[in-house]
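My numbering numbers the first residue of the sequence shown as 87 and each following residue consecutively.
We put the CB at the ideal spot given by N, CA and C, even for glycine.
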Amino acid sequence: MAIPLTRSILGALAVLVVSAVARAQLVEGLPSNAYSPGEWYPNVYQSLGRSLAGVRLGGEKPRDLIAAGVTRNGSGRVVLLAPRSRRVVMEFGGDVGGEFFGESLASSGSTLLIGESIALQGRGRVRVVDVDRPDGARWLEGFEGAERFGLELLTVPDASGTGFVALIAAPTTPGADEARGAVALYRDARGEPVWIQRAARGEVGFGRTLAVLGDVDADGTSDFAVSSIRGARGAVALLSGKTGARLREWIGDAAGDRFGTGLAGIGDLDGDSVSDLAIGMPWRECADGTAGRVRLVSTATGNTLREIESDCRRRDRPGGDAEFGAALVSIDGTQGTAAELFIAAPEGFYNGTDVGFVEAWSATGSERLARLGWDYSGFRPERFGATLATCVLQLDGPTSVLLVGGRGDNGGGLHVRRPGSNTLVWEIFGCHLEPPD
Ligand SMILES: [Ca+2]
Ligand SMILES: [Ca+2]
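Following this line, the structure appears as structure tokens:
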């Protein structure tokens, strides 16, 4: 279901972006100090927002929470934040897995999947927690020979709507002919994988980025895009969700452009009712310097439909290696038509420094709607957009929101934005996150 956007709103947004730095409006009923609660808890939490997902706490009064990866004393953790108070209402820590605990996250309803990719002597596993019963946990321990299982993962609701389907990457798993990496699909937290797809000959890092599409081959099952490296070029494979078979693949044009670092399903762009794909190439050499580019491709034909560039080139601004396309996410992009495509440039300039930005584009890639960055104009974290996700929060009704994670000083940060209206919900840095005890 697309988020309704009238022409006039789009036009107004475009004017705001072009003319000046738009000062965001706050969502009513949420914290009035959108930037920060004010207290300082320096050096307690670091790397806030390194992984992000929404999760629903059930019970009599269900609550939508934000799950965010952090580190605390060098150990990986996952905090669940209440969207109104921005307080930590639950925290998960790793008994094993060290700083890598929670480096990846995914969810479905009240089920939270937490990557522990160096547990079990580097084989890796994924913790499956029901946040309504957080003391009981299960683990998916991967398949025979897996290495770094759980470094990347994603979930989609299953056909019944009550469970989940998880695609989990083990991107360093060795294979034949020096191939490395595998991805496996699970239908629940108990059993063996439904299928495993391994790296092809000469392919490494298979599974370094994952994205879910709609049902590309009309067999009733959502299909997936998985990126890897072939030689020095990036590659993206389209996998059948039903069997894991490779349906199609794309190879980057040039060595070193990091083709496939960002991936997102974008709904149907070319009108053939088949969901299409956005592929980021953040180190792509453009005419004016390295800036990055995003390619939109048809999954039915493999053809390029459009390419998106931003005005963040080296010539325009010093240090303009913006890494445009390093992360991608769309709102409502897996079924029908996407409403918006968000493109991260985590080294891009925003408000005078290279702390990164995210651009909102129309899903067709024809129109830039907004450029987003940290709302706070003082000493900010870096790499705004290093992590992108979406989830549903109860604002003035259930609303899909954009979650943006940053890195670096001030403990990292989390920025929550309502798409379509360029409205900031709030942002918080790790140094302002109050420990639960
Ligand atoms: Ca399918
Ligand atoms: Ca299509």
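I need the straight-line Cα distance from residue i to residue j, nearest angstrom please.
| i | j | result |
| --- | --- | --- |
| residue 512 | residue 117 | 7 Å |
| residue 319 | residue 347 | 11 Å |
| residue 218 | residue 499 | 26 Å |
| residue 335 | residue 281 | 19 Å |
| residue 252 | residue 473 | 19 Å |
| residue 301 | residue 202 | 29 Å |
| residue 305 | residue 196 | 28 Å |
| residue 299 | residue 309 | 5 Å |
| residue 427 | residue 381 | 12 Å |
| residue 100 | residue 329 | Low confidence applies to residue 100: its pLDDT is 36, below 50, so where it sits in the model is not reliable enough to give any reading. |
| residue 323 | residue 345 | 12 Å |
| residue 367 | residue 337 | 11 Å |
| residue 178 | residue 434 | 33 Å |
| residue 485 | residue 287 | 44 Å |
| residue 229 | residue 351 | 27 Å |
| residue 215 | residue 142 | 12 Å |
| residue 184 | residue 307 | 36 Å |
| residue 515 | residue 464 | 12 Å |
| residue 355 | residue 384 | 8 Å |
| residue 470 | residue 440 | 9 Å |
| residue 503 | residue 442 | 16 Å |
| residue 314 | residue 327 | 18 Å |
| residue 220 | residue 396 | 43 Å |
| residue 165 | residue 412 | 25 Å |
| residue 438 | residue 250 | 43 Å |
| residue 518 | residue 124 | 7 Å |
| residue 510 | residue 120 | 8 Å |
| residue 128 | residue 161 | 16 Å |
| residue 267 | residue 424 | 30 Å |
| residue 276 | residue 254 | 14 Å |
| residue 505 | residue 416 | 10 Å |
| residue 387 | residue 325 | 15 Å |
| residue 169 | residue 175 | 10 Å |
| residue 209 | residue 147 | 39 Å |
| residue 507 | residue 394 | 22 Å |
| residue 487 | residue 520 | 23 Å |
| residue 371 | residue 377 | 7 Å |
| residue 432 | residue 364 | 18 Å |
| residue 407 | residue 379 | 11 Å |
With distance defined between alpha-carbon atoms, name the residue in the options nearest to residue i.
| i | options | result |
| --- | --- | --- |
| residue 358 | 303, 288, 379 | 303 |
| residue 237 | 171, 345, 426, 296 | 296 |
| residue 284 | 208, 341, 233, 317 | 233 |
| residue 167 | 149, 184, 370 | 149 |
| residue 264 | 244, 250, 316, 224 | 316 |
| residue 522 | 143, 173, 137 | 173 |
| residue 445 | 455, 438, 439 | 455 |
| residue 362 | 502, 470, 389, 432 | 389 |
| residue 211 | 146, 514, 278 | 278 |
| residue 501 | 125, 439, 137, 162 | 137 |
| residue 369 | 430, 360, 247, 387 | 430 |
| residue 206 | 163, 186, 128, 247 | 186 |
| residue 341 | 387, 411, 321, 254 | 321 |
| residue 497 | 467, 471, 475 | 467 |
| residue 272 | 409, 227, 144 | 227 |
| residue 239 | 189, 365, 437 | 189 |
| residue 410 | 198, 508, 436 | 436 |
| residue 244 | 255, 235, 223, 274 | 274 |
| residue 193 | 140, 377, 407, 343 | 140 |
| residue 269 | 235, 246, 475, 247 | 235 |
| residue 191 | 520, 475, 488 | 475 |
| residue 353 | 414, 331, 418 | 418 |
| residue 171 | 151, 379, 159, 407 | 151 |
| residue 223 | 198, 407, 204, 371 | 198 |
Report yes if the C-beta of residue i is less than 6 Å from at least one heavy atom of ligand 3; otherwise report no.
| i | result |
| --- | --- |
| residue 325 | Annotation note on ligand 3: not contained in the displayed structure, which lists ligand 1 and ligand 2 as its ligands. |
* Residues near ligand 1, CB to any non-hydrogen atom under 6 Å, in chain order? -> 301, 302, 303, 305, 307, 309, 326, 327, 328
* To do: Decide if the stretch 457-469 is in contact with the stretch 486-499; the criterion is three or more beta carbon pairs, one per stretch, under 8 Å apart.
  => yes
* Taking 8 Å as the threshold, find out whether the stretch 253-273 comes into contact with the stretch 286-300 through three or more Cβ pairs. => yes
* Check each residue's C-beta against every heavy atom of ligand 2 and list, in chain order, those closer than 6 Å. => 354, 355, 356, 358, 360, 362, 384, 386
* Asked: Does the stretch 464-479 come close enough to the stretch 446-453 to have 3 or more Cβ pairs within less than 8 Å?
  -> no
* To do: Count the C-beta pairs between the stretch 152-171 and the stretch 126-136 that are closer than 8 Å, then say yes if the count reaches three, no if not.
  => Yes, since at least three Cβ pairs between the stretch 152-171 and the stretch 126-136 fall closer than 8 Å, the two stretches touch.
* Pick out the complete beta strand (DSSP E) segments inside the stretch 336-367, 3 residues or longer, and give them in chain order. => 349-351, 363-367
* Going along the chain, which unbroken runs of the beta strand (DSSP E) with 3 or more residues stay wholly within the stretch 224-308? -> 238-243, 250-260, 266-272, 281-284, 289-298
* Would you mind listing the alpha helix (DSSP H) stretches within the stretch 424-507 that are 4+ residues and don't spill past its ends, in chain order? => none
* Entirely within the stretch 142-206 and at least 3 residues each: give me those beta strand (DSSP E) ranges in chain order. => If we require 3 residues or more, the beta strand (DSSP E) runs fully inside the stretch 142-206 come out as 149-158, 161-167, 174-179, 187-194, 197-202.
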